[in-house]
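What follows is a short report on a single structure.
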Amino acid sequence: MMAKYTDIVVEQDGPIVILQINRPEAGNKLRHQTCLELFDALQRFRLDPALRAAVLSGTGEKFFCIGGEHDEVTSLDQSQVLPIIDVYQAIDTIPKPIVAAVNGFAVGGGNVLHTVCDLSIAADNAVFRQVGPMVGSFDAGYGTWYLEDTIGRKRAKEMWYLNRKYTAAQALGFGLVNEVVAADDLRRRAAELAHELAARSPMALAGLKTAFSGRHNGVSGQARMAHDQLLSLYLTTKEAHEVSASFSERRGPDPDRFWR
Numbered sequence: 032m033m034a035k036y037t038d039i040v041v042e043q044d045g046p047i048v049i050l051q052i053n054r055p056e057a058g059n060k061l062r063h064q065t066c067l068e069l070f071d072a073l074q075r076f077r078l079d080p081a082l083r084a085a086v087l088s089g090t091g092e093k094f095f096c097i098g099g100e101h102d103e104v105t106s107l108d109q110s111q112v113l114p115i116i117d118v119y120q121a122i123d124t125i126p127k128p129i130v131a132a133v134n135g136f137a138v139g140g141g142n143v144l145h146t147v148c149d150l151s152i153a154a155d156n157a158v159f160r161q162v163g164p165m166v167g168s169f170d171a172g173y174g175t176w177y178l179e180d181t182i183g184r185k186r187a188k189e190m191w192y193l194n195r196k197y198t199a200a201q202a203l204g205f206g207l208v209n210e211v212v213a214a215d216d217l218r219r220r221a222a223e224l225a226h227e228l229a230a231r232s233p234m235a236l237a238g239l240k241t242a243f244s245g246r247h248n249g250v251s252g253q254a255r256m257a258h259d260q261l262l263s264l265y266l267t268t269k270e271a272h273e274v275s276a277s278f279s280e281r282r283g284p285d286p287d288r289f290w291r
């Protein structure tokens, strides 16, 4: 799992991994390098059978993440577009639970980042906000659809249109976070919850997560359910083994062996 990164910090704690955006001097803003490193770390997490759950947070005490550095984009060249959607999609579709530990301001893309995680725990000093119309930006995908799913249509529109700041207590009342704890206790509690998830049935959690994410993901969501869950199970059956063996041995499959 371990790799060398500049914009994130990765720490393994038994069956869980803790990923932290490490740009506190910039409000833990997302730039191209940050997104690429997060995506790489998430894929390593996905492929490591020893890892069962993850925590996503920011370093320092003030910022979870205050969005993306869109001033990096200087033209319509698609290679310059911040690759944050790849990160959102990875969080949403990796068949393992990811817990957001919101340790401060979660603004713009930072608010989207924790929303797409499976569970969110907030420090009692956390602040939540969407600022798109104030700064010349918007999120017409994960940031709107998943926020509406989480807190309801009217509240999501309020958050996006009016750009108000919301406290951790308000976020808990909206259903935007699952739990609020003292700031000093946040990382311990998030790790505790991740360890609790790691003790659950991984296949059951994977099936549930695929079902939740599949709702908005069309053929991609269906393909993940069919491939990652159903096909994986089918390949362990006696029927699959017999059909595969009969093909290799150039004979017809014996249905009696499907069940023996």
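Under my numbering, think of the first position of the sequence shown as 32, with each following residue one higher.
No residue lacks a Cβ here, since even glycine has one placed at the ideal position from N, Cα and C.
Check: Given N194, which residues of its chain have a CB within under 7 angstroms of its CB, disregarding the five upstream and five downstream residues?
Finding: The answer, listed in chain order, is R160, Q161, V162, P164, M165.
Margin query: Considering Cα atoms alone, identify which of G58, V118, R77 is closest to K93.
Written below: Considering only alpha carbons, the answer is G58.
Check: What are the boundary residues of the beta strand (DSSP E) that D44 is part of?
Finding: Counting along the chain, the unbroken beta strand (DSSP E) around D44 starts and ends at 39-44.
Note to self: My output table needs one value for T124: the three-state DSSP class, helix, strand or coil.
What the structure shows: In this structure, T124 counts as helix in the three-state DSSP scheme.
Notebook entry, point to check: For K196, which residues from the same chain have a beta carbon less than 8 angstroms from its beta carbon, with the 5 sequence-adjacent residues on both sides left out?
Noted result: Around K196: V158, F159, R160.
Check: Between which two residues does the beta strand (DSSP E) carrying Q51 extend?
Finding: First-last of the beta strand (DSSP E) with Q51: 47-52.
Item checked: Beta-carbon proximity of A199 to A154, cut-off 8 angstroms -> Contact flag set, yes.
Notebook entry, point to check: If we call anything under 8 angstroms between Cβ atoms a contact, is R83 one with P46?
Noted result: Result yes, Cβ atoms of R83 and P46 sit closer than 8 angstroms.
Next item on the list: Please confirm whether I115 and C148 have their CB atoms less than 8 angstroms apart.
Entry: Between I115 and C148, the C-beta gap is not smaller than 8 angstroms, which leaves the two residues out of contact.
Margin query: Rounding to the nearest angstrom, what Cα-Cα distance links G91 and G249 in this structure?
Written below: In this structure, the straight-line span from the alpha carbon of G91 to that of G249 is close to 38 angstroms.
Next item on the list: Please classify F278: is it buried, with 16 or more other beta-carbons within 10 angstroms of its beta-carbon, or exposed?
Entry: By the neighbour-count rule (16 or more Cβ atoms within 10 Å), F278 is not buried but exposed.
Margin query: Can you tell me which residues form a DSSP beta bridge with C96?
Written below: C96 pairs with A137.
Margin query: Which of the three DSSP states is assigned to A237 in this structure?
Written below: For A237, the secondary structure class from DSSP, reduced to helix, strand or coil, is helix.
Item checked: C-beta atoms of L87 and L61 nearer than 8 angstroms -> Between L87 and L61, the C-beta gap is not smaller than 8 angstroms, which leaves the two residues out of contact.
Check: For E68, which of V118, G99, G89, L78 has the nearest alpha-carbon?
Finding: Here the closest residue by C-alpha is V118.
Checklist line | Which of helix, strand or coil DSSP assigns to A154 | finding: It is a strand residue.
Margin query: The beta strand (DSSP E) that contains A257, what's its start and end?
Written below: Counting along the chain, A257 falls outside any beta strand (DSSP E), and DSSP gives it neither H nor E.
Notebook entry, point to check: DSSP puts A132 in a beta bridge; with which residues?
Noted result: A132 is bridged to I152.
Check: What are the boundary residues of the beta strand (DSSP E) that E210 is part of?
Finding: Per DSSP, the unbroken beta strand (DSSP E) holding E210 starts and ends at 210-212.
Item checked: Own chain partners of G174 with C-beta closer than 7 angstroms, once the 5 adjacent residues on each side are dropped -> Hits under 7 angstroms: V143.
Margin query: Considering only their Cβ atoms, is the gap separating M190 from L178 smaller than 8 angstroms?
Written below: Contact: yes.
Item checked: Option nearest F70 by Cα separation, candidates D44, I39, C96 -> Comparing Cα-Cα distances from F70 to each of D44, I39, C96, the minimum goes to I39.
Next item on the list: Answer with buried or exposed for H145, where buried requires no fewer than 16 other C-beta atoms within 10 angstroms of its C-beta.
Entry: H145 counts as buried, since at least 16 other C-beta atoms from the protein chains shown sit within 10 angstroms of its C-beta.
Next item on the list: Write down the C-beta distance between F76 and A137 rounded to the nearest angstrom, noting that I regard them as a contact closer than 8 angstroms.
Entry: Their Cβ separation, rounded to whole angstroms, is 21 angstroms, which puts F76 and A137 out of contact at 8 angstroms.
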